[in-house]
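Protein chains in written order, with the numbering used here: chain P, 3 to 535; chain L, 3 to 535. No residue lacks a Cβ here, since even glycine has one placed at the ideal position from N, Cα and C.
There are 2 protein chains.
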Amino acid sequence: MASRKMSLDDTTNHTSNRYGENLAKLRGYRRDHSGPDRPDFSTIYARELLPQGSSELTGKFLKEVVDQLIEYIKQEQIPETKVLDFHQPHELREKLQLDITDKPVTLEQLLTDCQETLMYCVKTGHPRFFNQLSSGLDIVSLAGEWLTAAVNTNIFTYEIAPVFTLMERVILKKMRDLIGFEDGDGIFAPGGAISNLYAVNAARHKLAPDCKTKGMQSVSRLVMFASEHSHYSLRGAAAVLGIGTDNVIPVRCDQRGKMMPSDLESKVQQTKARGDTPFFVSATAGTTVLGAFDPLNAIADICDQYNIWMHVDAAWGGGALLSKKHRSLLEGVHRADSVTWNPHKLMGALLQCSALLLKHDGILESCNELKARYLFQQDKNYDLSYDTGDKAIQCGRHVDVFKLWLMWKGKGSIGLETQINLVYDLAKYFYEKIRDREGFEMVLEEPEFTNICFWYVPPRMRLMKDAAEKKQRLNQVAPIIKARMMECGSTMVGYQPLDDKVNFFRLVVSNAAVRRSDLDFLIQEIERLGKDI
Amino acid sequence: MASRKMSLDDTTNHTSNRYGENLAKLRGYRRDHSGPDRPDFSTIYARELLPQGSSELTGKFLKEVVDQLIEYIKQEQIPETKVLDFHQPHELREKLQLDITDKPVTLEQLLTDCQETLMYCVKTGHPRFFNQLSSGLDIVSLAGEWLTAAVNTNIFTYEIAPVFTLMERVILKKMRDLIGFEDGDGIFAPGGAISNLYAVNAARHKLAPDCKTKGMQSVSRLVMFASEHSHYSLRGAAAVLGIGTDNVIPVRCDQRGKMMPSDLESKVQQTKARGDTPFFVSATAGTTVLGAFDPLNAIADICDQYNIWMHVDAAWGGGALLSKKHRSLLEGVHRADSVTWNPHKLMGALLQCSALLLKHDGILESCNELKARYLFQQDKNYDLSYDTGDKAIQCGRHVDVFKLWLMWKGKGSIGLETQINLVYDLAKYFYEKIRDREGFEMVLEEPEFTNICFWYVPPRMRLMKDAAEKKQRLNQVAPIIKARMMECGSTMVGYQPLDDKVNFFRLVVSNAAVRRSDLDFLIQEIERLGKDI
């Protein structure tokens, strides 16, 4: 702990809080340069905006907020800007004026609140933010989300969301085409976990339609299969749906994190021999940690043979379908019954944007409709097949399609392909730089995707003889370096243990802002922050 | 059909498409008045924006989008602006350039796409839009959503959402205080249906914690209760959770749409006598159609006696807790185990914003955690109780709190109270205007909430003797008037049948933009569009 403290003192001066400085400048600008055009927001309250108040003032207030946001976006792209200005929760709580009072605060105070919020937010679009599968900030997608907010509607009927309903159809069709589904259906859901839940629910409904009315007591024991490295939301779906997490059988992975079809088949056979019903296999296209792609054709063969619903969780890897160079990783995906695909990950759309695509038309509706005719009237003046309310588990549903539609149109499929190939190349560049570098050890050689998993071994651990002790100490290295990164705010990269492997870093490149120099920086920063451990 | 057509021809000229005109103006402005400062967006592509391109251009593009949005917001507030410019799906499909191509389109084309989208969107913030429980456009909340989009993060860990995590705590505590929970927990969920699902899942987990791992087969038959007029999402939750919709027992309502405690008690007793397990009662505070409030204290007494989880679905009515004048409608809500409350309804926050509040701390986590340590590491450098990932069914979770926090702070609790009292007063004004007006018949006398339900009876039906024929014809009146309203775009109000009542209008006032003159207009418009039926 002492050495960590020392190291932090040593490093924090290396990265000045440029964003903090710029915000201070911006605030000063607001106070000092309020020309004749700028209203004195310190005497104005929200009630003076539309709808009751002035439309001119409304425009000026919104533009001032947007000026702040544009400044934030620009600063975020400067490599030397801090990725975050970290504080412990109790410290941050004291810095911010979070409490709501009975009395209103002025618009000036709200502008200050926005500024302070921006100061302490993590800059997920920063070129040195490598922490999540979702990162980056696509400007056109942002414009789309701003429009979506201004329109403020629900996408459950054509009646109140005519344009977005049509766009959702176009985009879902486009995604199905890329998968290779000739027909089918789909829906945007609030995140990949819920998309996966929709899939399991649809599969259960196909097998046992009575379950919807009579419950799981009417069905024999249902069993699902997913690899050891699959996303935890499959177990989550089993818990929610009343299937039970014990009935999600983990299938073994090979050395590269891919599901082993032989293990799947033998576990399916065991399940049947027990008298239980195997009904759902989730293959993963792009696992969370290693970025592994399960062998879809071999899994599809087993699903065909045993008449099991095949789902592909391509939340992370789905975007690769846009790349001629990389789409073969998902070979066989067209044989699936359903696919989860999150455009907010590799494609770079804003959060949230997740779709479930189905090969089968009609099942979403049959599974989820509750004939709530007081909401979804059947005697309206247009073709009611455009209403999506009866397909959804939600009632009101947020419009997630527009930000994707606008971005996709702005880049074209070719532009998205270029971007996806770029992040692949960057990940490969990083891998090649560290593969033989002293102090770096790869978790996975020749990764197929943009996840690069590795250990950093500090100098004094490199020659350690006692393997058990080395392992135990190595487990602490990534958390210490990560904490130091966060405290000096220079970069962020994730870490985690996996199976018998102790904590290792997982770099993800999914942000179009990343350049080679940012990856070089990450290597140096890990060495700088970890060399004394 | 002939008379309908005639009437439409007759009326469409009465409402000019002012918004269309203004958009055309704006477009002309863009083309003709592009001064030296305005880039020629028709030669510029998305790839020339940040992160690879110019920050100056990025700012200019975003500002141009915002100019369009501000123009939309201003136009939306003008009563004479069309609420919608209705087209049948196939017609609208032809008007819009929805298809995605391989090649990118220019930024100019994207700006045009935004404009066309805005033209054909339904103006849910328009003072004459009375169609949904969620309407209006709060400017401060909009600013909050714009900031949320620019920050583009997930609220599943403090690590990447430090400020929003703290805000969520503050706001959930504030909401629990208003309910009267001394302690407890809560979470923002994607809409009220999912909040209700969280509640049923938590109640099941409290009763039968083994269900999470072993599934519903490990539990005796579970039975839920909700009134005939409760929201369909309770049945939806039962379907998803594997409880089955047959095990949601509808409890009878009195004449005013309130759950009858005596019927609840006898149905609970019948269930127990059958050997099944009553475990969940959902009382409604503000039903969707009539706006009825179930008698919470009487229901709580029964839940206490039979040891049943009491949920209050206050998605719609929760906002009334902010009004000293109206909060007694929810008397007894503090006795609930859980409450769904959607600030995107009565409080006017932007979509989506729904919270589930719980009296019990710990249960959300125990129910939903799956110990995915590869995502939610336990050796991080801060107090991990701030991470919410293990409480959620979703993995990534959209930040829904900021738009609410900023709006609430800007208005203060007093400002929200004033707004809620105002919409109440407006609804009362409308009720009093139509109560004794010729041709109007009330579905519910002296409504308690801002739902006003009524029939319009066209002149030639008023003296009809044959009650059955009159009823059958009256059933067609609201759909015809609604279709005409949509086709001429002047206003929107919902209709539906309920129980043995044929189609009637349901006016909802929840939009702070509504004035008395807009309600006067609605009455005239219904008469104008319906008099010849």
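**Message:** Checking 9 Å against the spacing of the C-beta atoms, do V242 of chain P and A228 of chain P come in under that value?
**Reply:** As a working mapping, residue 242 of chain P is identified with position 240 in the first sequence. As a working mapping, residue 228 of chain P is identified with position 226 in the first sequence. Not in contact: V242 of chain P and A228 of chain P (Cβ atoms no closer than 9 Å).
**Request:** Name, going along the chain, the residues of the region 148-171 of chain L whose beta-carbon falls closer than 9 Å to a beta-carbon of chain P.
**Result:** Residues of the region 148-171 of chain L that bring their beta carbon within less than 9 Å of a beta carbon in chain P comprise W148, L149, T150, A151, A152, V153, N154, T155, N156, Y160, E161, I162, A163, P164, V165, F166, T167, L168, M169 and R171, in sequence order.
**Prompt:** Buried or exposed: where does N309 of chain P fall if 16 or more other Cβ atoms within 10 Å of its Cβ makes it buried?
**Reply:** For the purposes of this step, residue 309 of chain P is taken as the residue at position 307 of the first sequence. The residue in question, N309 of chain P, is exposed, as its Cβ has fewer than 16 Cβ neighbours within 10 Å.
**Message:** Quick check on this structure: which residue in L:T289, L:I245, L:P297 and L:T290 has the alpha carbon closest to the alpha carbon of P280 of chain L?
**Reply:** Locating residue 280 of chain L in the second sequence gives position 278, where the first residue counts as 1. Ranked by Cα distance from P280 of chain L, the options L:T289, L:I245, L:P297 and L:T290 are led by L:I245.
**Proximal chain P residues relative to Y122 of chain L, where beta-carbon distance stays under 7 Å** = The residue you call residue 122 of chain L lines up with position 120 of the second sequence. Within 7 Å Cβ-Cβ: P164 and V165.
**Asked** Buried or exposed: where does T103 of chain L fall if 16 or more other Cβ atoms within 10 Å of its Cβ makes it buried?
**Response** Within the second sequence, residue 103 of chain L is the residue found at index 101, counting from 1. With fewer than 16 other beta carbons inside 10 angstroms of its own, T103 of chain L counts as exposed.
**Asked** DSSP on E443 of chain P, reduced to helix/strand/coil?
**Response** Locating residue 443 of chain P in the first sequence gives position 441, where the first residue counts as 1. Assigned with DSSP and collapsed to three states, E443 of chain P falls in strand.
**Message:** Just to confirm the assignment: which complete alpha helix (DSSP H) runs, minimum length 4, are found wholly within the region 73-147 of chain P?
**Reply:** The region 73-147 of chain P is shown to contain whole alpha helix (DSSP H) runs of 4 or more residues at 91-97 and 109-122, in chain order.
**Item:** Length of the line joining the Cα atoms of K533 of chain L and Y458 of chain L
**Value:** On the second sequence, residue 533 of chain L is found 531 positions in, with the first residue counted as 1. On the second sequence, residue 458 of chain L is found 456 positions in, with the first residue counted as 1. Rounded to the nearest whole angstrom, the C-alpha separation of K533 of chain L and Y458 of chain L is 9 Å.
**Request:** Consider the Cβ of W410 of chain P: report whether some Cβ of chain L lies at a distance smaller than 9 Å.
**Result:** As a position in the first sequence, residue 410 of chain P is number 408, starting the count at 1. Interface residue, yes.
**Request:** Kindly indicate if chain P contains any beta-carbon less than 9 Å away from that of K105 of chain L.
**Result:** In the second sequence, counting from the first residue as 1, residue 105 of chain L sits at position 103. Output row for K105 of chain L: interface = yes.
**Prompt:** How is T342 of chain P classed by DSSP in three states: helix, strand or coil?
**Reply:** The count along the first sequence starts at 1 and reaches residue 342 of chain P at position 340. In the structure shown, the three-state DSSP call for T342 of chain P is strand.
**Asked** Ends of the alpha helix (DSSP H) at R508 of chain P?
**Response** For the purposes of this step, residue 508 of chain P is identified with residue 506 of the first sequence, where counting begins at 1. For R508 of chain P, no alpha helix (DSSP H) run applies; the uninterrupted beta strand (DSSP E) run containing it begins and ends at K503 to V510, by DSSP.
**Prompt:** So, helix, strand or coil for M312 of chain L, using DSSP?
**Reply:** Here residue 312 of chain L corresponds to residue number 310 of the second sequence, with the count starting at 1. Here DSSP, grouped into helix, strand and coil, assigns M312 of chain L to strand.
**Message:** Is it buried or exposed, I189 of chain P, if we count other Cβ atoms within 10 angstroms and call 16 or more buried?
**Reply:** By one-based count along the first sequence, residue 189 of chain P stands at place 187. I189 of chain P is buried by the Cβ-count criterion.
**Request:** Quick one: using the 10 Å Cβ neighbour count with 16 as the cut-off for buried, is Q498 of chain P buried or exposed?
**Result:** Along the first sequence, one-based indexing puts residue 498 of chain P at 496. Its Cβ being crowded by 16 or more others within 10 Å, Q498 of chain P is buried.
**Request:** In the DSSP assignment, find the unbroken alpha helix (DSSP H) run with D179 of chain P in it and report its ends.
**Result:** Mapped onto the first sequence, residue 179 of chain P falls at position 177. Taken as a continuous stretch (DSSP letters only), the alpha helix (DSSP H) holding D179 of chain P covers P164 to I181.
**Prompt:** Of all the residues that make up the region 55-67 of chain L, which are near chain P by a beta-carbon distance shorter than 8 Å?
**Reply:** Listed by position, the residues of the region 55-67 of chain L near chain P (Cβ gap below 8 Å) are S57, T60, G61, F63, L64, K65 and V67.
**Prompt:** Given that G194 of chain L touches chain P, what residues does it touch there, using C-beta distances under 9 Å?
**Reply:** The residue labelled residue 194 of chain L in the question sits at position 192 within the second sequence. Within chain P, the residues near G194 of chain L are Q396, C397 and G398.
**Item:** Neighbouring residues, chain L, relative to Y74 of chain P (Cβ below 9 Å)
**Value:** Residue 74 of chain P sits at position 72 when you count from the first residue of the first sequence. Under the 9 Å cutoff, chain L gives L149, A152 and V153.
**Message:** So L243 of chain P contacts chain L; which residues on that side make the cut at Cβ distance below 8 Å?
**Reply:** Here residue 243 of chain P refers to the residue found at position 241 of the first sequence. Under the 8 Å cutoff, chain L gives V242, L243 and G244.
**Prompt:** If the cut is a Cβ gap below 7 Å, which residues of chain P does N203 of chain L touch?
**Reply:** Mapped onto the second sequence, residue 203 of chain L falls at position 201. Chain P residues near N203 of chain L: V242.
**Message:** Out of P:Q526, P:V495, P:R517 and P:V401, which one is the CA nearest neighbour of L135 of chain P?
**Reply:** Reading the first sequence from its first residue, position 133 is the one you call residue 135 of chain P. With distances taken between Cα atoms, L135 of chain P lies closest to P:V495.
**Asked** Between the region 140-150 of chain L and the region 338-354 of chain L, do three or more beta carbon pairs fall short of 8 Å?
**Response** Yes, they touch.
**Asked** Which chain L residues are close to S136 of chain P, counting only those with a beta carbon under 9 Å from its beta carbon?
**Response** The count along the first sequence starts at 1 and reaches residue 136 of chain P at position 134. Under the 9 Å cutoff, chain L gives N154, T155, N156 and G398.
**Message:** Give me the chain P residues within the contact set of N249 of chain L, using Cβ-Cβ distance strictly less than 7 Å, ordered along the chain.
**Reply:** For the purposes of this step, residue 249 of chain L is taken as the residue at position 247 of the second sequence. Under the 7 Å cutoff, chain P gives G217.
**Prompt:** List, in order along the chain, the chain L residues whose C-beta lies closer than 7 Å to that of V291 of chain P?
**Reply:** For the purposes of this step, residue 291 of chain P is taken as the residue at position 289 of the first sequence. Within chain L, the residues near V291 of chain P are Y376.
**Message:** Determine, for F404 of chain P, whether the minimum Cβ-Cβ distance to residues of chain L falls below 9 Å.
**Reply:** The residue labelled residue 404 of chain P in the question sits at position 402 within the first sequence. F404 of chain P counts as touching chain L.
**Message:** Helix, strand or coil for Y200 of chain L? Go by DSSP, reduced to three states.
**Reply:** Translated into the one-based positions of the second sequence, residue 200 of chain L becomes position 198. In the structure shown, Y200 of chain L sits in a helix (DSSP, three-state: H, G or I).
**Asked** What distance in whole Å lies between the Cβ atoms of T452 of chain L and S512 of chain L, which are believed to be in contact at a cut-off of 8 Å?
**Response** Taking the second sequence and counting its residues from 1, one reaches residue 512 of chain L at position 510. Taking the second sequence and counting its residues from 1, one reaches residue 452 of chain L at position 450. Indeed, because the Cβ distance is near 6 Å, the residues count as touching under 8 Å.
**Message:** Distance check for L120 of chain L and E78 of chain L, CA to CA, integer angstroms please.
**Reply:** Here the question's residue 78 of chain L lines up with position 76 in the second sequence. Here the question's residue 120 of chain L lines up with position 118 in the second sequence. The alpha-carbon separation between E78 of chain L and L120 of chain L amounts to approximately 10 Å.
**Prompt:** Just to confirm, are G259 of chain L and G293 of chain L a CB contact at a threshold of 9 Å?
**Reply:** Here the question's residue 259 of chain L lines up with position 257 in the second sequence. Here the question's residue 293 of chain L lines up with position 291 in the second sequence. Yes, they are a contact pair.
**Asked** What residues of chain P sit near Y115 of chain L, judged by a beta carbon separation below 7 Å?
**Response** In the second sequence, the residue the question calls residue 115 of chain L occupies position 113. For the sequence presented, residue 115 of chain L should be read as Asp rather than Tyr. Residues of chain P with a Cβ closer than 7 Å to the Cβ of D115 of chain L are, in chain order, L408 and K411.
**Item:** Complete runs of the beta strand (DSSP E) confined to the region 242-273 of chain P [at least 3 residues]
**Value:** Counting only runs of 3 or more, we get 250-253.
**Request:** Establish whether the CB of Q257 of chain P and some CB of chain L are separated by less than 9 Å.
**Result:** In the first sequence, residue 257 of chain P corresponds to position 255, counting from 1. Q257 of chain P does not count as touching chain L.
**Between the CA atoms of K473 of chain L and T60 of chain L - distance to the nearest angstrom** = Locating residue 60 of chain L in the second sequence gives position 58, counting from the first residue. Locating residue 473 of chain L in the second sequence gives position 471, counting from the first residue. Taking the straight line joining both Cα atoms gives about 60 Å.
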